[in-house]
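What follows is one structure encoded as structure tokens, with my remarks underneath.
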Amino acid sequence: MNLDLPKKRMRFYIQRIATGPELSKPLTREQARDGFEIILKRQVDPVQTAIFLIALRMKRETDDENLGVLDALKEHCRYANVKADELLSISDPFNGFVRGLPATPFLPAVLAACGIPAYLHGVRQMGPKYGITGHQVLESTGYPVYLSPEDAVKKINDPQVGWAYLDQQQYLPELHELCGLRDKMVKRSLISTLEVVIKPLSGKSKTHLYTGYVHKAYPPVYEAIARHAGFQSMILVKGVEGGCIPSLSQVSRYFGYVENSPLAMHKLSPFELGIEREKRMVPVDEDYADAFENSNFHNIKALTPVVSATLKLGREALAGAPGPMHDSLVYGAAIALMHSGKASSWQEAGEVSRHALTSGEARARFDAGCMYSVG
Numbered sequence: 000m001n002l003d004l005p006k007k008r009m010r011f012y013i014q015r016i017a018t019g020p021e022l023s024k025p026l027t028r029e030q031a032r033d034g035f036e037i038i039l040k041r042q043v044d045p046v047q048t049a050i051f052l053i054a055l056r057m058k059r060e061t062d063d064e065n066l067g068v069l070d071a072l073k074e075h076c077r078y079a080n081v082k083a084d085e086l087l088s089i090s091d092p093f094n095g096f097v098r099g100l101p102a103t104p105f106l107p108a109v110l111a112a113c114g115i116p117a118y119l120h121g122v123r124q125m126g127p128k129y130g131i132t133g134h135q136v137l138e139s140t141g142y143p144v145y146l147s148p149e150d151a152v153k154k155i156n157d158p159q160v161g162w163a164y165l166d167q168q169q170y171l172p173e174l175h176e177l178c179g180l181r182d183k184m185v186k187r188s189l190i191s192t193l194e195v196v197i198k199p200l201s202g203k204s205k206t207h208l209y210t211g212y213v214h215k216a217y218p219p220v221y222e223a224i225a226r227h228a229g230f231q232s233m234i235l236v237k238g239v240e241g242g243c244i245p246s247l248s249q250v251s252r253y254f255g256y257v258e259n260s261p262l263a264m265h266k267l268s269p270f271e272l273g274i275e276r277e278k279r280m281v282p283v284d285e286d287y288a289d290a291f292e293n294s295n296f297h298n299i300k301a302l303t304p305v306v307s308a309t310l311k312l313g314r315e316a317l318a319g320a321p322g323p324m325h326d327s328l329v330y331g332a333a334i335a336l337m338h339s340g341k342a343s344s345w346q347e348a349g350e351v352s353r354h355a356l357t358s359g360e361a362r363a364r365f366d367a368g369c370m371y372s373v374g
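Here you go:
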């Protein structure tokens with residue numbers, strides 16, 4: 000077989016990985032990179048792209064396959080650097096939230112008020128959940144959600160802002176173009192795991208990852224890909240719906256590493272921060288049930304009333320109003336403060352986080368970021 004042609008190589012790769020649970024063979028790292036490079040360059044039919052992704056997931060991706068696909072993504076990503084020595088990259092699941100209202104869209108502003116420059120990255124909507132995303136919430140404020148990496152850097156460098164949102168459509172458009180196909184595939188692929196560790200923005204000396212997970216087998220997987228992506232440290236939270244914020248009603252954990260230290264598990268307790276809620280996250284009003292039911296790839300406007308409710312609660316929490324949204328932001332910021340060493344105890348981390356909210360500093364930075372005109 001002549002493997003010089005992309006279509007021939009893809010056919011060979013699919014024959015290796017899609018031969019059933021016992022006969023399928025793994026790809027080498029270079030083969031996985033090449034296969035996904037072919038996909039990103041649109042050199043094969045979308046049907047073969049879907050088969051490639053589904054076959055990898057059904058046989059379970061190897062570390063080499065994950066790293067190979069990540070190599071291809073890194074080659075296509077657009078990059079920019081901020082002035083700050085350190086930067087925190089935040090990423091919730093790109094398919095959003097359906098069981099509660101997300102606090103993460105407001106977290107970068109809180110962290111900036113705590114002295115930690117940060118950015119959130121994601122997409123407007125993604126299956127299979129088609130839940131509320133940071134893009135939707137920030138877009139409802141008038142935030143320019145389609146900033147280039149260079150313009151996102153301007154926001155982070157602004158001493159009155161210190162945070163930004165960056166959309167995948169701007170820093171990795173070749174991957175974003177697969178959104179429609181991913182909708183038709185229904186189930187998640189390895190893309191869902193890898194896209195949260197893409198690092199379009201970097202600090203001058205260090206960049207840290209803050210994300211969440213669901214399945215207990217994934218912490219070592221995230222460690223491997225986060226290190227390969229170039230993150231100097233990682234916070235991987237067992238968060239509600241796989242997000243960055245842990246449960247407000249029970250103990251949880253996060254896995255992390257710093258520089259060359261081994262991956263370690265850390266216990267998390269909302270009670271140490273004086274947080275104790277009946278619900279795990281910001282509850283959703285029952286009146287919005289139909290909105291989530293009707294949300295899909297072609298009807299994201301169904302979530303408009305829920306997005307408005309999220310923004311209202313978020314801005315109130317940023318101004319110090321008590322409630323589960325406020326507690327979520329305190330908890331999320333405290334984890335970052337402890338991991339970064341900017342707080343020596345949970346009590347101190349909680350105090351710094353709460354002060355960022357009650358002082359109005361977080362609200363001022365959020366509003367400045369949403370109204371800021373890049374010039």
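Read in numbering that gives the first Met the number 0, the sequence shown has 67 at position 68, and its numbers run on one by one without any break.
Ideal Cβ positions, reconstructed from N, Cα and C, are used throughout, including at glycine.
N-terminal and C-terminal residue of the alpha helix (DSSP H) that residue i is part of
i: E258; result: Per DSSP, E258 belongs to no alpha helix (DSSP H) and is neither H nor E.
i: D33; result: 28-39
i: N225; result: The sequence shown places Ala at residue 225, not Asn. That run of the alpha helix (DSSP H) goes 218-228.
i: D166; result: No alpha helix (DSSP H) contains D166, which is instead part of the beta strand (DSSP E) from 162-166.
i: D182; result: 178-184
i: L375; result: The displayed coordinates of the chain run from 0 to 374. Any statement about residue 375 would go beyond what the structure contains.
i: I190; result: 189-193
i: Q14; result: 5-16
Local Cβ density within 10 Å of residue i, reported as buried at 16 or more and exposed below that
i: G229; result: exposed
i: N295; result: exposed
i: L26; result: buried
i: L272; result: buried
i: G238; result: buried
i: G374; result: Caution is warranted here: a pLDDT of 45 is assigned to G374, below 50, making its placement in the model unreliable, and the coordinate value is therefore given only provisionally. Exposed, since its Cβ has fewer than 16 Cβ neighbours within 10 Å.
i: K82; result: exposed
i: M125; result: buried
i: N65; result: buried
i: P148; result: buried
i: M280; result: buried
i: G241; result: buried
i: S372; result: Note that S372 scores a pLDDT of 47, beneath 50, so its modelled location is shaky and nothing firm can be said.
i: D326; result: buried
i: S307; result: exposed
i: V250; result: exposed
i: S204; result: exposed
i: P321; result: exposed
i: P20; result: exposed
i: E36; result: buried
i: K128; result: buried
i: C369; result: buried
i: S343; result: exposed
Supposed close pair residue i, residue j - CB separation, criterion 8 Å
i: H120; j: S139; result: In fact, because the Cβ distance is near 18 Å, the residues do not count as touching under 8 Å.
i: P269; j: E275; result: 7 Å
i: P199; j: L247; result: About 31 Å separates the two Cβ atoms, so there is no contact after all.
i: H265; j: E85; result: Actually they do not touch by this definition, with Cβ atoms about 20 Å apart.
i: A355; j: C113; result: 5 Å
i: A31; j: D63; result: 7 Å
i: V68; j: L189; result: 6 Å
i: Y209; j: L302; result: Actually they are not in contact, since the Cβ atoms of Y209 and L302 sit about 24 Å apart, beyond 8 Å.
i: V144; j: L310; result: V144 to L310, Cβ: 14 Å. No contact.
i: A332; j: L106; result: 7 Å
i: L328; j: V109; result: 5 Å
Cβ-based neighbour list, residue i, same chain, cut-off 6 Å, excluding 5 preceding and 5 following
i: S201; result: N80
i: A163; result: Y118, A151, K154, I155
i: V257; result: S232
i: V236; result: G211, C243, P245, Y253
i: Q42; result: P5
i: D70; result: R32
Same chain only: Cβ atoms within 8 Å of residue i, ignoring 5 sequence neighbours per side
i: V122; result: F93, T132, H134, D166, Q167, Q168, H175, C178
i: A49; result: L180, K183, M184
i: I16; result: S23, K24, P25, L26, F51, A54, L55, K58
i: P282; result: G99, L100, P323
i: V305; result: L100, I131, V283, Y287, A290, F291
Cβ neighbours of residue i in the same chain (closer than 7 Å, five flanking residues each side left out)
i: M337; result: W345, A348
i: G161; result: A111, P116, I155, R364
i: P218; result: Y212, L235, F254, L262
i: L12; result: Strictly speaking, residue 12 in this sequence is Tyr, with Leu absent from that position. The answer, listed in chain order, is L26, Q30, G34, F51.
i: E173; result: L39, H75
i: Q47; result: M9, I13
i: A367; result: Q159, V160
Range of the contiguous beta strand (DSSP E) that encloses residue i
i: T86; result: Note on residue identity: the sequence assigns Leu, not Thr, to residue 86. First-last of the beta strand (DSSP E) with L86: 85-90.
i: V236; result: 232-237
i: S208; result: Note that residue 208 is Leu in the sequence shown here, rather than Ser. Start and end: 205-212.
beta-carbon residue i near the ligand GDP non-hydrogen atom, thresh 7 Å
i: L119; result: Summarising the ligand content, the structure contains no ligands, and the ligand GDP is consequently not present.
At what residue ranges does the stretch 256-332 contain a whole run of the alpha helix (DSSP H), taking only runs of 4 or more? 288-293, 303-317
What are the uninterrupted segments assigned as alpha helix (DSSP H) that are 4 or more residues long and contained completely in the stretch 106-149, given in chain order? Within the stretch 106-149, the complete alpha helix (DSSP H) runs of at least 4 residues are 106-112, 133-138.
Alpha helix (DSSP H) runs wholly inside the stretch 49-102, at least 4 long, in chain order: List check, alpha helix (DSSP H) in window: 62-75.
Pick out the complete beta strand (DSSP E) segments inside the stretch 329-369, 3 residues or longer, and give them in chain order. none
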